[in-house]
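Chains as they are written, first to last, in our numbering: chain V, 1 to 167; chain C, 1001 to 1105.
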């Protein structure tokens, strides 16, 4: 009764609103964030490898080296987080039945991401990229969206799986 | 519209469900902030990142900072929300006018 009364008053006077904000699953999932994070790791490794040619490290070199390593580390964490969210929130029994490899693939991505964080090794980051690409491919197949592969038009110019989205 | 330090607010969002479902109304006492804030009280806070929020007091730490929580698993984690000071409290919820169950469905 009181609710209806207040509701009518609200329609007339428009009470102020207060938010009970929450992190409700919003159904916005896209593996591209994980793919871009791996690309960043690959790019960081490329830039870090350029230091091999330097005989001496200046203070600026030290600073730049630290920044690149830090970025590689943080993007490695991002890869893990983005994949975990899709795996934990989006992937359900029907997708697991359709793609039984999903659990082992995700676990393998976690291990590869850790390895890519631990080392400055291009082969390791490319292996991670290939696994994340496979994850993206499965994700889009779950949504009945076709995919294609293309080389990204910016450094590190690696192959990515993209969805074919109709206009 | 504030009358004698009391104001009715409309709640949006699901963080306080089931205690306060979305589109319920709450009567808030603005002068109640002078009283002692205790765990489990429902308060309105002006959060620097999330804006105006309705939350439940989780704990009041030894520095008198107030840590707030939602009422379900989808709510922002206490540590993510961070503590607020007493100055950021707008008021205390004195009465909840629940949306009838039929209207919630």
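All C-beta atoms in this analysis are idealised placements derived from N, C-alpha and C, irrespective of residue type, glycine included.
Asked                                                                                                                                                                                : Found
Near residue 1090 of chain C, what residues of its chain come up, given a Cβ to Cβ distance below 8 Å and the 5 sequence neighbours on each side ignored?                            : 1028, 1030, 1033, 1043, 1044, 1045, 1046, 1052
Could you tell me which chain V residues have their CB closer than 8 Å to the CB of residue 1065 of chain C, listed as they occur along the chain?                                   : Within chain V, no residue comes near residue 1065 of chain C; the closest Cβ sits about 20 Å away, beyond 8 Å.
In this structure, how does DSSP classify residue 1077 of chain C when only helix, strand and coil are distinguished?                                                                : coil
For residue 28 of chain V, count the other beta carbons within 10 Å of its own beta carbon; 16 or more makes it buried, fewer makes it exposed. Which is it?                         : exposed
Under the DSSP definition of a beta bridge, which residues are partnered with residue 1003 of chain C?                                                                               : C/1006
Just to make sure I have the definition right: I need the residues of chain C whose C-beta is within less than 7 Å of the C-beta of residue 21 of chain V. Which are they?           : 1013, 1015, 1050, 1053, 1076
Quick check: what's the CA-CA separation for residue 113 of chain V versus residue 1023 of chain C?                                                                                  : 43 Å
Please name the residue, chosen from V/61, V/3, V/77, V/101, that lies closest to residue 117 of chain V on a Cα-to-Cα basis.                                                        : V/77
For residue 1040 of chain C, I'd like the list of residues in its chain whose CB is within less than 8 Å of its CB, leaving aside the five on either flank, ordered along the chain. : 1056, 1057
Suppose the cutoff is 6 Å on Cβ atoms and the five residues either side in sequence are ignored; what does the same chain contact list for residue 96 of chain V look like?          : 102
What three-state label does DSSP hand residue 13 of chain V in the structure shown?                                                                                                  : helix
According to the neighbour-count rule (16 or more other Cβ atoms, all chains shown, within 10 Å of its Cβ), is residue 14 of chain V buried or exposed?                              : exposed
Out of curiosity, what's the CA-to-CA distance linking residue 105 of chain V and residue 1095 of chain C?                                                                           : 51 Å
Taking beta-carbon pairs under 8 Å, can you tell me which members of the region 86-110 of chain V lie near chain C?                                                                  : none
Assuming residue 150 of chain V is part of the beta strand (DSSP E), what are its boundary residues?                                                                                 : 147-151
8 Å is my cut-off, CB to CB: does residue 1037 of chain C come that close to chain V?                                                                                                : no
What's the call for residue 143 of chain V, buried or exposed, on a 16-neighbour Cβ count within 10 Å?                                                                               : exposed
Is any beta-carbon of chain V found at less than 8 Å from that of residue 1089 of chain C?                                                                                           : no
For the alpha helix (DSSP H) holding residue 96 of chain V, just list the boundary residues, first then last.                                                                        : 93-98
Taking the straight line between their C-alpha atoms, what separation do you get for residue 84 of chain V and residue 1035 of chain C?                                              : 44 Å
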